[in-house]
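Chains as they are written, first to last, in numbering that gives the first Met the number 0: chain V, 0 to 163; chain L, 0 to 145.
Positions of the beta carbon are idealized from the N, C-alpha and C atoms, including for glycine.
Step one of this worksheet: look at the structure below.
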Amino acid sequence: MDYRKQTKYNFIAQVLMLFAVDVIFLIIISAFFGEGAKHISKLYVLGSKGLSTLTLLQFLLSSVVVIFFKTLFFSDRYFKKMLALWRTILMLFFILSSMIVFIIVFDWFPLNNAQGWAGFIICFVVGFFGSISFMIIKTKIASKKYDQLLLNYKNQRGGNENEE
Amino acid sequence: MKIHINEDASLNEMEITINCNRINTEVESIISKLRVMDLKLTGKRNNQTYILDAAKVLYIDTVDKKTFFYTKQEVYETDLRLYELEEQLKALDFIRSNKSCIINFNQIHSIKADIDGKLLVTMNNNEKLFVSRQYALEVKRKLGVR
Chain V
0 MDYRKQTKYN FIAQVLMLFA VDVIFLIIIS AFFGEGAKHI SKLYVLGSKG
50 LSTLTLLQFL LSSVVVIFFK TLFFSDRYFK KMLALWRTIL MLFFILSSMI
100 VFIIVFDWFP LNNAQGWAGF IICFVVGFFG SISFMIIKTK IASKKYDQLL
150 LNYKNQRGGN ENEE
Chain L
0 MKIHINEDAS LNEMEITINC NRINTEVESI ISKLRVMDLK LTGKRNNQTY
50 ILDAAKVLYI DTVDKKTFFY TKQEVYETDL RLYELEEQLK ALDFIRSNKS
100 CIINFNQIHS IKADIDGKLL VTMNNNEKLF VSRQYALEVK RKLGVR
């Protein structure tokens, strides 16, 4: 599979993964609050009956936006010379801004609702650090695997003949 | 430039003779290309020309349209372009790591995955080089990652 195709499939896979995590999270909150969830946010308009199609579509769109910014700031095509720290900061800024636009446009909770904002910030911070931790663990496992495969490759080719 | 080819069945090894009135950059370029075919690299350092075994080269990169190759201790400049070297050195396990660098796979000490999908490669002289996401796929394929 060529690089472009893989990038396209990776993008779709990441969107669907994020969407799945969002939906699981929403279902847990909905199940926890039951009928009372109706009063928390418009996202839980059906209360204990589950999630509305509109809510699901909004979260699918938000997943596309989040992965779009992630891909934009961490692809090889753009911002090649920017430090990873700045890429991360800019990515977080754009994702946070777009989520605020979602809150306003789709009226997820009243703008003067302090609890709503607190919940949103907690979810964002937990989600961010959760995904960072997951990525760090994933890269550490992958690094170990690559080193082992490199060793196997060298052994297959008759040892480290070029190492002095 | 005239090219003469003499076919002689008694010869065991191919011989190439260059006749010229003086060695200029064109002649040097031809010699460099022929040496690469023989898996040797011709490089300049301190105004002297060296012929090196390509297998001893760790990586080759371009900076300001100049091509350099790096051994464990030294840096040499070559007149050849990166794409010319890449094609010829594939046989020695040289692979592209990004648009301006090719690395000798046999001189890699370790490979680390990076958080944004790139690979961080440590060469046998402890220099660290990045493999871009585009070329990371080729490295992974070579390692046998499914």
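When the Cα of residue i is compared with those of the options, which residue comes out closest?
{"i": "Gly129/V", "options": "Leu17/V, Tyr8/V and Ser96/V", "result": "Leu17/V"}
{"i": "Thr24/L", "options": "Val138/L, Asp78/L and Leu128/L", "result": "Asp78/L"}
{"i": "Leu53/V", "options": "Thr87/V, Phe101/V and Ala117/V", "result": "Phe101/V"}
{"i": "Val65/V", "options": "Val104/V, Lys80/V and Gln13/V", "result": "Gln13/V"}
{"i": "Lys24/V", "options": "Gly35/V, Asn9/V, Leu42/V and Lys7/V", "result": "Rather than Lys, the amino acid found at residue 24/V in this sequence is Phe. Closest option to Phe24/V, Cα to Cα, is Leu42/V."}
{"i": "Ile22/L", "options": "Thr48/L, Lys89/L and Lys65/L", "result": "Thr48/L"}
{"i": "Arg80/L", "options": "Asn123/L, Glu6/L, Gly143/L and Ser28/L", "result": "Ser28/L"}
{"i": "Phe104/L", "options": "Asp113/L, Leu88/L, Asp63/L and Ile114/L", "result": "Leu88/L"}
{"i": "Val56/L", "options": "Asp63/L, Lys39/L, Arg44/L and Val62/L", "result": "Lys39/L"}
{"i": "Val22/V", "options": "Tyr8/V, Ser51/V, Thr6/V and Phe10/V", "result": "Ser51/V"}
{"i": "Ala54/L", "options": "His3/L, Lys65/L, Asp37/L and Asp63/L", "result": "Asp37/L"}
{"i": "Cys122/V", "options": "Thr6/V, Ile140/V, Tyr145/V and Leu95/V", "result": "Leu95/V"}
{"i": "Ile173/L", "options": "Asn124/L, Leu136/L, Lys64/L and Val144/L", "result": "Past the edges of chain L, shown from 0 to 145, lies residue 173/L, and the structure says nothing about it."}
{"i": "Ile88/V", "options": "Phe127/V, Lys37/V, Gln57/V and Gln147/V", "result": "Phe127/V"}
{"i": "Gln57/V", "options": "Met98/V, Phe31/V, Thr6/V and Lys153/V", "result": "Met98/V"}
{"i": "Lys71/L", "options": "Glu126/L, Thr61/L, Arg132/L and Lys65/L", "result": "Glu126/L"}
{"i": "His108/L", "options": "Ala30/V, Leu150/V and Leu45/V", "result": "Leu150/V"}
{"i": "Asn9/V", "options": "Ala30/V, Ile26/V and Val63/V", "result": "Val63/V"}
{"i": "Arg132/L", "options": "Asp63/L, Phe68/L, Arg140/L and Asp115/L", "result": "Asp115/L"}
{"i": "Asn46/L", "options": "Tyr75/L, Asn124/L and Phe68/L", "result": "Tyr75/L"}
Under 7 Å Cβ to Cβ from residue i, same chain only, skipping five residues before and after it: list those, please.
{"i": "Val130/L", "result": "Ser96, Asn97, Lys117, Leu118, Val120 and Val138"}
{"i": "Ser31/L", "result": "Thr41, Thr77, Asp78 and Leu79"}
{"i": "Asp106/V", "result": "Lys41"}
{"i": "Arg86/V", "result": "Phe72, Phe73 and Phe78"}
{"i": "Leu128/L", "result": "Tyr58, Ser96, Cys100, Ile102, Val120 and Met122"}
{"i": "Lys69/V", "result": "Met90"}
{"i": "Asp113/L", "result": "Leu119"}
{"i": "Phe93/V", "result": "Phe68"}
According to DSSP, which residues form a beta bridge with residue i?
{"i": "Thr48/L", "result": "Lys43/L"}
{"i": "Phe68/L", "result": "Ile59/L and Tyr75/L"}
{"i": "Asn125/L", "result": "Answer is none; Asn125/L lacks a bridge partner."}
{"i": "Phe108/V", "result": "Answer is none; Phe108/V lacks a bridge partner."}
{"i": "Cys100/L", "result": "Asp60/L and Asn97/L"}
{"i": "Ile107/L", "result": "Met122/L"}
{"i": "Val130/L", "result": "Leu118/L"}
{"i": "Ala19/V", "result": "In the DSSP output, where bridge partners are listed per residue, Ala19/V has none listed."}
{"i": "Ala112/L", "result": "Leu118/L"}
Kindly list the residues whose CB is nearer than 6 Å to the CB of residue i, restricted to its own chain and excluding five residues on each side of it in sequence; keep chain order.
{"i": "Lys111/L", "result": "Leu119"}
{"i": "Ser47/V", "result": "Gly33 and Glu34"}
{"i": "Asp92/L", "result": "Phe104 and Asn105"}
{"i": "Phe108/V", "result": "Ser40 and Gly115"}
{"i": "Ile50/L", "result": "Lys39 and Thr41"}
{"i": "Glu162/V", "result": "Any reading at Glu162/V needs caution, since the residue's pLDDT is 47, under 50, leaving its predicted position unreliable; the model's value is listed next. Same-chain partners within the cutoff: there are none."}
Spatial neighbours of residue i within its chain, please: C-beta separation below 8 Å, excluding the five flanking residues on both sides.
{"i": "Ile15/L", "result": "Leu33"}
{"i": "Phe103/V", "result": "Note that residue 103/V corresponds to Ile in the displayed sequence, not to Phe. Result list for Ile103/V: Leu110, in chain order."}
{"i": "Ile17/L", "result": "Val26, Ile29 and Ile30"}
{"i": "Leu142/L", "result": "Ile110"}
{"i": "Glu73/L", "result": "Arg44"}
{"i": "Cys19/L", "result": "Val26"}
Residues of chain A with CB closer than 9 Å to the CB of residue i, please, in chain order.
{"i": "Ala83/V", "result": "No chain A appears in this structure, whose protein chains are V and L."}
Evaluate the contact criterion for the segment 67-81 of chain V versus the segment 102-117 of chain V: three or more CB pairs, one atom per stretch, below 8 Å.
-> No, because fewer than three Cβ pairs between the segment 67-81 of chain V and the segment 102-117 of chain V fall closer than 8 Å, the two stretches do not touch.
Quick one, which residues of the segment 99-132 of chain L are near chain V if we go by CB-CB under 9 Å, in chain order?
-> Asn103, Phe104, Asn105, Gln106, Ile107, His108, Ser109, Ile110, Lys111, Ala112, Asp113, Ile114, Asp115, Gly116, Lys117, Leu118, Leu119, Asn123, Ser131 and Arg132
Pull out every residue of the segment 119-141 of chain V whose Cβ sits closer than 9 Å to any Cβ of chain L, in chain order.
-> Ile131, Met134, Ile135, Lys137, Thr138, Lys139, Ile140 and Ala141
Using a Cβ-Cβ cut-off of less than 8 Å, list which residues of the segment 62-74 of chain V approach chain L; keep chain order.
-> Phe73 and Ser74
Which of the residues in the segment 15-49 of chain L, read from start to end, lie with their CB under 8 Å from any CB of chain V?
-> Correct list: empty, as no residue qualifies.
Anything in the segment 36-48 of chain V with a Cβ closer than 8 Å to a Cβ of chain L? List those residues in chain order, please.
-> none
Residues of the segment 8-36 of chain V whose Cβ lies closer than 7 Å to any Cβ of chain L, in chain order | none
Of the residues that make up the segment 142-153 of chain V, which ones have a beta carbon closer than 7 Å to any beta carbon in chain L?
-> Ser142, Tyr145, Asp146, Leu148, Leu149 and Tyr152
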